[in-house]
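Student: Below is the structure I would like to discuss, written out as structure tokens.
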Amino acid sequence: MLIDAGPHDQRPAQALLNYGLIYRGEALAEDLTIAGVVRVTLHVQSDRPDTDFIAKLIEVMPDGCAMLLMDGVVRAMYRNGTAEPQRLVSDRIYLVTIELGQIHHTFAAGNRIEVDVTSSNFPRRARNTNSGNPLLANDTEADIRIATNTIHHAAATPSFLELPVLTAG
895 MLIDAGPHDQ RPAQALLNYG LIYRGEALAE DLTIAGVVRV TLHVQSDRPD
945 TDFIAKLIEV MPDGCAMLLM DGVVRAMYRN GTAEPQRLVS DRIYLVTIEL
995 GQIHHTFAAG NRIEVDVTSS NFPRRARNTN SGNPLLANDT EADIRIATNT
1045 IHHAAATPSF LELPVLTAG
């Protein structure tokens, strides 16, 4: 399945049952320009040996339109690189950083900045069966597991967005 290039309104995806988490800021009092690498850092926990964490940077217009600007994904088993998969243990909290890429964009005054965190972005991103198998291409329907994921926000385990804000002067 091919997905057209360009920004897409995320409201249809957000309406899906168990979509994920939506973090939406207040309406901006003035234009805000960002330029550089956008990252989302999460402290996560899962009841499965592997799962995906997807972060989306979205601009929400006053009419509610939620336009996707960029997104990124981390496959949890490969959170520290691609050499050897490291399965998750359900009672542990892990640090993952999702790089969304480079951007130069101005959020208009009156609009809101939003970050969505999900565990799937199919068909844009390949599905993860959450089985813990290193080669998901070998998984069958019987290998699919539903993951229960937790995003932590405590002082010792913060989750946050890094926006490279341009300032005048």
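Read in order, the letters of the sequence shown correspond to residues 895 to 1063 in this note's numbering.
Glycine included, C-beta positions come from ideal geometry on N, C-alpha and C.
If we call anything under 9 Å between Cβ atoms a contact, is G919 one with V1011?
Tutor: On the sequence shown, position 25 is the one that residue 919 refers to. On the sequence shown, position 117 is the one that residue 1011 refers to. Not a contact, by the Cβ cut-off of 9 Å.
Student: Assign G1004 to buried or exposed, taking buried as 16 or more other Cβ atoms, counted over all protein chains shown, within 10 Å of its Cβ.
Tutor: The residue you call residue 1004 lines up with position 110 of the sequence shown. Under this definition G1004 is an exposed residue.
Student: Give every residue of the same chain whose Cβ lies closer than 7 Å to the Cβ of Y972, excluding the five residues on either side of it in the sequence, and list them in chain order.
Tutor: Within the sequence shown, numbered from 1, the residue matching residue 972 stands at position 78. Taken in chain order, the residues that qualify are P979.
Student: If you check the beta carbons only, do V968 and F1001 fall under 9 Å apart?
Tutor: Within the sequence shown, the letter at position 74 stands for residue 968. Within the sequence shown, the letter at position 107 stands for residue 1001. In this structure, F1001 does not lie closer than 9 Å to V968 by Cβ.
Student: Answer with buried or exposed for P1028, where buried requires no fewer than 16 other C-beta atoms within 10 angstroms of its C-beta.
Tutor: Residue 1028 sits at position 134 when you count from the first residue of the sequence shown. Exposed.
Student: Sort T1051, H937 and A1020 by Cα distance to N1043 and report the nearest one.
Tutor: Here residue 1043 corresponds to residue number 149 of the sequence shown, with the count starting at 1. If we check each option's Cα against that of N1043, H937 comes out closest.
Student: In angstroms with no decimal places, state the Cα-to-Cα distance between A1041 and R981.
Tutor: Reading the sequence shown from its first residue, position 147 is the one you call residue 1041. Reading the sequence shown from its first residue, position 87 is the one you call residue 981. One C-alpha to the other measures close to 13 Å.
Student: Flag this pair as yes or no: are the beta carbons of V954 and M961 separated by less than 9 Å?
Tutor: Against the sequence shown, residue 954 aligns to sequence position 60. Against the sequence shown, residue 961 aligns to sequence position 67. Result yes, Cβ atoms of V954 and M961 sit closer than 9 Å.
Student: Please list, in chain order, all residues of the same chain as M895 whose beta carbon is under 8 Å from its beta carbon, the five residues on each side excluded.
Tutor: Residue numbering aside, residue 895 sits at position 1 when the sequence shown is read from its first letter. Confidence at M895 is low in this model, with a pLDDT of 43, below 50, so the placement of that residue should be treated as unreliable; the coordinate-derived value is given next. P1017.
Student: Since I believe R1006 is in contact with L922 (beta carbons under 8 Å), could you give me their beta-carbon distance rounded to a whole number of angstroms?
Tutor: For the purposes of this step, residue 922 is identified with residue 28 of the sequence shown, where counting begins at 1. For the purposes of this step, residue 1006 is identified with residue 112 of the sequence shown, where counting begins at 1. Yes, L922 and R1006 are in contact; Cβ-Cβ is about 7 Å, under 8 Å.
Student: Hey, could you find the ends of the alpha helix (DSSP H) Q908 is sitting in?
Tutor: On the sequence shown, position 14 is the one that residue 908 refers to. Taken as a continuous stretch (DSSP letters only), the alpha helix (DSSP H) holding Q908 covers R905 to Q908.
Student: To the nearest angstrom, how far is the alpha carbon of S940 from that of L951?
Tutor: The residue given as residue 940 occupies position 46 in the sequence shown. The residue given as residue 951 occupies position 57 in the sequence shown. About 23 Å.
Student: Under the assumption that I987 contacts T935 (Cβ atoms under 8 Å), give the Cβ distance between them as a whole number of angstroms.
Tutor: For this step, residue 987 is matched to residue 93 along the sequence shown. For this step, residue 935 is matched to residue 41 along the sequence shown. Not a contact, Cβ separation roughly 13 Å.
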